[in-house]
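Written below as C-alpha cells is the structure these notes are about.
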Amino acid sequence: MKNFILISTFFSSLTVYSQSISVEAHEHYVNPNCCMTMLDDIGTEITVSNLTNSTVDIKVSREVISSTPGTINYFCWTACYGSQTSVSPQSKSFAPQQVDSISFQVHFDNLGLEPATASIRYCAFIESDPSDSSCTIVNYSVNQTTSLTENSISSSFSDFHPNPSSTISFLEYKLNYSDKAEIILTDILGNIIRNENFFGKSGILSFDLSDTKNGLYFANILVNGELKSIKRLIISK
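So the working numbering is basically just the index in the sequence shown, starting at one, shifted up by 39.
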C-alpha cells in the first residue's frame, strides 16, 4: 500500500495538468485501414472537455512536428480551415463541464504520395488565457502494413472527464490487441477504492462516484503488470 502512495506522489509532481480543459484524440495512430473520411483523406476526432464550473470560450491549434514534403494537413473547429491555418480564427463556447467529441476534426492528405507520414500536436486553449491549454499528438501514416501499424501502437489513456465530478466520470483508453490492463483507484492515503481489469483495442471506462466521498483520488493504470500512467480524479459534491 505504501508503494502506491509513493508512486502517486512521485508521478503527480512530474505531471502538469491544465486547470480548465482536457483533450483526447479518438485515434493516436491514423492510417487508411481505420480512418478514411468522407473527404477521401484520413483523419480522426479529438474530444475537448471543459473541466470547470464556468462557461469558457475555447480555441484550438496545431503544431506540425514532422510531415512528408508535398502532403497537407488541416483541421475543423466551428468550420474547416485551409492547410495554412494553425490557430482557429473562431472560438467555441463551452458550458460548465461540457464535453464535445465531434467538433475538433483533424485531417491528413498525402496527395497521392506513398509512403507518407506526419506527426502533429493539437491543442485546445482558453481564448482569454492561451497558457491554460491541453494537447495531444496524432501520428498519420499511408502505405504501411496493418501489422506494422498495430504493433507500433503505444497504450494511451485520457484524463478523467468530467473532472471534478460529483456523480460519474469517464476515462478513454487505447491498447494493443494483446495487452491486459488494470486500473486501481486509490484515495490520498493509498486505500483502494476500485480495482478493475480491462482489455480490447479501445474503449471507455465509466466510474460511478455517487457513493464515493469528496476528495482527491489517483488511478494507477498498469499494462501487462507494468505501471504506465497515473491519473488524478477530484470528487466534489
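Glycine residues also receive a C-beta, built at the ideal position from the N, C-alpha and C atoms. Keep in mind it's a predicted model, so treat the numbers as computed, not measured.
Does the beta-carbon of T225 have 16 or more other beta-carbons within 10 angstroms, so that it is buried, or is it exposed?
buried
My assumption, with CB atoms under 8 Å, is that G254 sits in contact with I227. Please give the rounded CB distance.
7 Å
Let's see if you can read the secondary structure: which residues bound the beta strand (DSSP E) around A163?
A155 to I165
Need the endpoints of the beta strand (DSSP E) that G82 sits in, please.
I81 to N89
Can you tell me which of V126, Y113 and S140 puts its alpha carbon nearest to the alpha carbon of N89?
S140
Residue range of the unbroken beta strand (DSSP E) whose run includes G254:
G254 to V262
Are the CB atoms of N178 and S194 within a distance shorter than 8 Å?
no
Tell me which residues share the same chain as S106 and place their Cβ nearer than 6 Å to its Cβ, disregarding the 5 neighbours each side in the sequence.
A157
Would you kindly check if the distance between the Cβ of S61 and the Cβ of D198 is under 8 Å?
yes
Counted within 10 angstroms of its Cβ, other Cβ atoms place C119 as buried (16 or more) or exposed:
exposed
Would you call the CB atoms of F238 and K219 closer than 8 Å?
yes
By a C-beta neighbour count over all protein chains shown, 10 Å radius and 16 as the cutoff for buried, is N190 buried or exposed?
At N190 the pLDDT is 45, less than 50, meaning the model places this residue with poor confidence and gives no usable figure here.
By the 10 Å Cβ neighbour count, where 16 or more other Cβ atoms means buried, how is V99 classified, buried or exposed?
buried
Nearest-angstrom Cα distance between A134 and E153?
43 Å
Chain-order list of residues whose beta-carbon lies under 7 Å from that of Q137 (same chain, five-residue window excluded)
N89
Thinking just about the alpha-carbon of each residue, which of S130, K131, S132 and L78 is nearest to the one in Y113?
L78
To the nearest angstrom, how far is it from the Cα of F246 to the Cα of M75?
32 Å
Taking only the alpha-carbon atoms, compute the straight-line gap between S127 and W116 and give it to the nearest angstrom.
7 Å
Would you check if the distance between the CB atom of L272 and the CB atom of S208 is smaller than 8 Å?
yes
Work out the CA separation of N230 and D250 for me, nearest whole Å.
15 Å
Let's test the definition: count the other Cβ atoms within 10 Å of the Cβ of L150 and tell me whether it reaches 16, buried, or not, exposed.
exposed
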